[in-house]
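Only one structure is covered here, and it is reproduced in the block below.
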Amino acid sequence: MDNVLYAEFLTWRDRPSLDRSSAFLGRIYREDIVPCLSFTRSELSQSVQSAVENNSLTIEPVAMSALPVVKANAIECGGPK
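Below, the structure is given as structure tokens:
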């Protein structure tokens, strides 16, 4: 167990808040949240993060039938003749 992280958690647990300046939440954002939301388009990363923090993000499944399925044999793909 990471004793430093646990100590940060205990300190945060005594006075929980969503303030990122706390050592515990700062670490959570740095190590877990930011890497997961690191997109090429930084404005998308910021929008998604804000929506999560504001509890206004909706995620919908993509139907598998919406994706085209293409099948080809090896000869059609230029494989062995």
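Numbering (our numbering), first residue to last: 1 to 81.
Glycine residues also receive a C-beta, built at the ideal position from the N, C-alpha and C atoms.
Nearest-angstrom Cα separation, counted from residue j out to residue i
i	j	result
C36	V70	31 angstroms
E8	V48	26 angstroms
L44	D14	34 angstroms
S22	L10	12 angstroms
Q46	Y29	13 angstroms
Proximal residues to residue i (C-beta, below 6 angstroms), its chain only, five neighbours per side dropped
i	result
A51	L57
D19	none
Contacting residues, own chain, Cβ-Cβ under 8 angstroms from residue i (five flanking each side not counted)
i	result
F24	L5, E8, F9, T11, W12
Which full runs of the alpha helix (DSSP H) of 4+ residues lie inside the segment 21-47, going along the chain?
DSSP runs (the alpha helix (DSSP H)) wholly in the segment 21-47: 23-28.
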